[in-house]
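In this text, residue positions in the sequence shown follow the numbering used here: the first is 4, and each later residue adds one.
Right, one structure below, let's go through it.
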Amino acid sequence: MLKADDGGLIAVYWAQNGNEGSLAKASNIDLYAYINIAFLIQFGHGRDLALNLAGHCDPAWNTCTKFGQEIKTCQSKGIKALISIGGAVGSYSLSFANDGKNVANIIWNSYLRGTDSSATCPFGDDAVLDSVDFDIADDGGLIAVYWAQNDNEGSLAKASNIDLYAYINIAFLMQFGNGRDLVLNLAGHCDPAWNTCTKFGQEIKTCQRKGIKVLISIGGAVGSYSLSFANDAKNVANIIWNSYLGGTDSSATCPFGDDAVLDSVDRHRW
Numbered sequence: 004m005l006k007a008d009d010g011g012l013i014a015v016y017w018a019q020n021g022n023e024g025s026l027a028k029a030s031n032i033d034l035y036a037y038i039n040i041a042f043l044i045q046f047g048h049g050r051d052l053a054l055n056l057a058g059h060c061d062p063a064w065n066t067c068t069k070f071g072q073e074i075k076t077c078q079s080k081g082i083k084a085l086i087s088i089g090g091a092v093g094s095y096s097l098s099f100a101n102d103g104k105n106v107a108n109i110i111w112n113s114y115l116r117g118t119d120s121s122a123t124c125p126f127g128d129d130a131v132l133d134s135v136d137f138d139i140a141d142d143g144g145l146i147a148v149y150w151a152q153n154d155n156e157g158s159l160a161k162a163s164n165i166d167l168y169a170y171i172n173i174a175f176l177m178q179f180g181n182g183r184d185l186v187l188n189l190a191g192h193c194d195p196a197w198n199t200c201t202k203f204g205q206e207i208k209t210c211q212r213k214g215i216k217v218l219i220s221i222g223g224a225v226g227s228y229s230l231s232f233a234n235d236a237k238n239v240a241n242i243i244w245n246s247y248l249g250g251t252d253s254s255a256t257c258p259f260g261d262d263a264v265l266d267s268v269d270r271h272r273w
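Written out as structure tokens, the structure is:
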């Protein structure tokens, strides 16, 4: 996951052109700070996760393990190797909060640093990627709006009454990762430190009753966020799961109230 202040470091998408050469070749260019292996094109709604690397290899035939050593070569040079999920062609969506958790668990165990010995690891059991890149392009023409960065925009319920939006992204969770406390900044609408955001719990449910998906948006243009290693990503994911998505940790702080369960996470990269 890239920081807002990554200072011009370059990321490249690899694997969607069978003629582009190997992953090791990409790392030898000495230009990239991040290589996004693209794409995990199918996930969610109970579907099996499907990896499509456009002719480089076929996970069904176990031929992607040959890139395990090349992933380690990239990492030995200081290049972060990420699994990119989504893409322009695929079948992916998350239907409910637990669906998101299930997909996250599979990705964690198959590509990151999971502990499930029964998991299928397309790049080999000892190939551990650094993080996940989200390239969500299949929005089906539905309209999403970012809410909470203008304290004059009215309430969340008001946004839902426009009858135009399919998704409302509550923005932003602007600090996370590297051991930092997660910080939610809603630009004057409420202050989690004073427990004043619980007033929006009922409005979240109002949106959902109308069929509008409500997401927590992480990142934004102003903030301090990054994930330094795989376990860091897992820690942040666990906190988000328990605080916003209906997790089972009863000790978690839930800014919108214990019974306000958001539908998913939006990643707003800058």
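We put the beta carbon where it would ideally sit given N, CA and C, even for glycine.
Annotation for Thr201: Phe259, Gly260 place their beta carbon closer than 7 Å to its own, counting only its chain and skipping 5 residues before and after. When DSSP assignments are scanned along the stretch 168 to 247, the uninterrupted stretches of beta strand (DSSP E) that are 3 or more residues long and fall wholly within it turn out to be 170 to 180, 183 to 187, 216 to 222. The three-state reading of DSSP puts Leu159 in helix, counting H, G and I together. Annotation for Ser79: no beta strand (DSSP E) segment contains it, though the alpha helix (DSSP H) segment containing it runs 71 to 79. By the CB criterion at 8 Å, Asp138 and Ser87 fall inside the cutoff.
The closest CA to that of Cys67, considering only Asn234, Thr76, Cys77, Leu56, is found on Leu56. As computed with DSSP, Arg270 is found in a beta bridge with Ile221. Straight-line spacing of the CA atoms in Ala263 and Ala240 works out to 18 Å. By the neighbour-count definition (other C-beta atoms within 10 Å, threshold 16), Ile44 is a buried residue. Following the DSSP letters along the chain, one finds Ala29 inside the alpha helix (DSSP H) bounded by residues 26 to 30. Across the structure, Ser94 and Cys60 are spaced so that their CA atoms are roughly 20 Å apart. With a 10 Å radius around the Cβ and a threshold of 16 neighbouring Cβ atoms, His192 comes out buried.
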